[in-house]
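Notes follow once the structure below has been shown.
Number of protein chains: 2
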Amino acid sequence: MDEKKLEFRKATIKDLSKIVEMIADDALGKTREIFQIPLPEDYLTAFDRIDSDVNQELMILENEEGDILGTFQLTFIPYLTYQGSTRAQIEAVRVHKDHRGKGVGKNMFLWAIERSKERGAHLLQLTTDKQRPEAIKFYESLGFKASHEGMKFHFI
Amino acid sequence: MDEKKLEFRKATIKDLSKIVEMIADDALGKTREIFQIPLPEDYLTAFDRIDSDVNQELMILENEEGDILGTFQLTFIPYLTYQGSTRAQIEAVRVHKDHRGKGVGKNMFLWAIERSKERGAHLLQLTTDKQRPEAIKFYESLGFKASHEGMKFHFI
C-alpha cells in the first residue's frame, strides 16, 4: 500500500451510500442494515446528526482514484473521571471488501490514535463482539487491552 | 428506600465537589482522581464541557434532605449502524458510601434505561472493569449481556 497516495477525510453526504454498503457487507452487519438505493431515510437523518456534532468524526480513507478503502467513526466524550478527561471511542470500523489484507485497518487505527491524542483524549476505547476473535487479536496487536467487559442491553 | 421522596435531576456546578468526592471514593477511583477543595480547575472545565453538550446528561439522585445518593453520566451517540441509530452509554456510576446496599444503583439504572428509550436509543451500553465481578453480576441481573470485549488503549 502506497500510503502517500491515501487521504483521510471527513465523510460527506456524497459518501453515504458507499459507507452504508460497507457497514452492511459484514457477517453481523448484513443482519441489521438495509442497503438499497435510494437509501432509507433514517441513514440520512443519522448522517446529519453525526455531521453536525463536533464530537463526532465519521471518517473515510480514500485512494487517489477516489475509491473508499475504509471507514470508521470517532467519538470524543467529556468526563469528570480521570481528573476531567476526554475519552475517544471508535465504532463502525469497516474495510472495503476489495481492499482487505493490505493494512488498511492498521493504517486507520494509527491515524485514529494520533487524532485522539491531538484532541486531548487520554485513551481510545472500543467494544468488539466476542464472536470476532480475529478482530480482538488485531486490536491487541495495536496496544489495546481487553481489560473490560463490554455489556449491552438491547431494547429492540 | 422510599422512592417517592427521591428525585433525579441534572447535576449543577453546585453539586460538582460532591460528585468528584464520590468518583474518588472507590477502589479504582482513588488511584486516579484528586479530591480537594477548591477543586482542581480541570474538573470545572470538564463540567462545563459536559453541561453544554446536549448529548451528555450528568445526573444525580437526591433525597428530600438534599443528600446526593448517587451519580452517573449518560451519553447519547448517533451512528449510521443499526439503520441510523442512537446508542446510549452509561459511565461514572457511583453510589454514595452512606447509601449503599439500599437499591440506589438499581434505581438509577432503571431510570437510565427509561431515559435512553425516551431519547430513542435502541440499546444502553457500558464497559466495566473485569476487576469488578460484583458489578458484572449486578449488570447481568438488570438484563445486560457481556457479549463484547471492552478494549482500552491508554496513552497516559
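Going down the list, the sequences are from chains A and B.
Residue numbering for the first sequence follows this note's numbering, starting at 1283 and increasing by one per position.
Residue numbering for the second sequence follows this note's numbering, starting at 1283 and increasing by one per position.
Even for Gly, the Cβ is constructed at its ideal location relative to N, Cα and C.
- Taking a 10 Å sphere around the C-beta of Gln1371 of chain A, we find 16 or more other C-beta atoms and assign the residue as buried.
- Following the DSSP letters along the chain, one finds Gln1355 of chain B in no alpha helix (DSSP H) but inside the beta strand (DSSP E) bounded by residues 1350–1360.
- The CB of Met1341 of chain B never comes closer than 8 Å to any CB in chain A; the least such distance is about 12 Å.
- In chain order, Glu1339, Leu1340, Met1341 place their CB closer than 7 Å to the CB of Lys1292 of chain A, counting only its own chain and leaving out the 5 sequence neighbours on each side.
- The DSSP-derived three-state label of Gln1365 of chain B is helix.
- By the beta-carbon neighbour count (other beta carbons within 10 angstroms, threshold 16), Val1336 of chain A is exposed.
- Inter-residue distance for His1378 of chain A and Phe1391 of chain A is about 15 Å (C-alpha atoms, whole angstroms).
- Between Leu1298 of chain A and Leu1321 of chain A, the beta carbon gap of about 7 Å places them in contact (Cβ cut-off 8 Å).
- Its chain contains Thr1368 as the residues whose beta carbon lies nearer than 6 Å to that of Gly1402 of chain B, once the 5 sequence neighbours on both sides are disregarded; these appear in chain order.
- Assignment of Glu1315 of chain A by DSSP, reduced to helix, strand and coil, places it in the coil class.
- Residues of chain B with a Cβ closer than 7 Å to the Cβ of Gly1385 of chain A do not exist, since the nearest Cβ in that chain sits about 18 Å away.
- Under DSSP, the beta-bridge partners assigned to Asp1411 of chain B are A:His1430.
- Contact of Asp1307 of chain B with chain A is not assigned, every C-beta pair being separated by 9 Å or more.
- For the region 1300–1333 of chain B, the residues whose beta carbon sits under 7 Å from a beta carbon of chain A are, in order, Ile1301, Val1302, Ile1305, Arg1314, Glu1315, Ile1316, Pro1322, Asp1324, Tyr1325, Thr1327, Ala1328, Phe1329, Arg1331, Ile1332.
- DSSP places Val1386 of chain B within a helical segment (H, G or I) once states are collapsed to three.
- Between Gly1366 of chain B and chain A, the shortest Cβ-Cβ separation is below 9 Å.
- Your pair Ile1316 of chain A and Gln1365 of chain B checks out as a contact, with CB atoms roughly 6 Å apart and the cut at 8 Å.
- The Cβ atoms of Lys1434 of chain B and Ser1429 of chain A sit closer than 9 Å to each other.
- For Glu1396 of chain B, the secondary structure class from DSSP, reduced to helix, strand or coil, is helix.
- Going by C-alpha positions, Ala1417 of chain B is about 11 Å away from Leu1424 of chain B.
- DSSP places Ile1372 of chain A in the strand class (E or B) of the three-state scheme.
- At the C-beta level, Ile1295 of chain A and Leu1326 of chain A come within 9 Å of one another.
- Taking CB atoms only, Thr1294 of chain B has no neighbour in chain A less than 9 Å away.
- If you draw a straight line from the Cα of Thr1409 of chain B to the Cα of Asp1349 of chain A, it is about 35 Å long.
- The beta-bridge partner set that DSSP reports for Arg1291 of chain B consists of B:Ile1342.
- Distance from the CA atom of Gly1352 of chain A to the CA atom of Ala1394 of chain A, rounded to whole angstroms, is 12 Å.
- In terms of beta-carbon proximity, Asp1411 of chain B lines the interface with chain A, with at least one pair separated by less than 9 Å.
- Cβ-Cβ distances below 6 Å link Ile1359 of chain B to Arg1369 in the same chain, with the five nearest sequence neighbours on each side left out; the list follows chain order.
- Taken through DSSP and simplified to helix, strand or coil, Val1377 of chain A comes out as strand.
- With its beta carbon at least 9 Å from every one in chain B, Leu1392 of chain A lies outside the interface.
- Nearest neighbour of Gln1318 of chain A by Cα position, chosen from A:Arg1331, A:Ile1301, A:Leu1310, turns out to be A:Ile1301.
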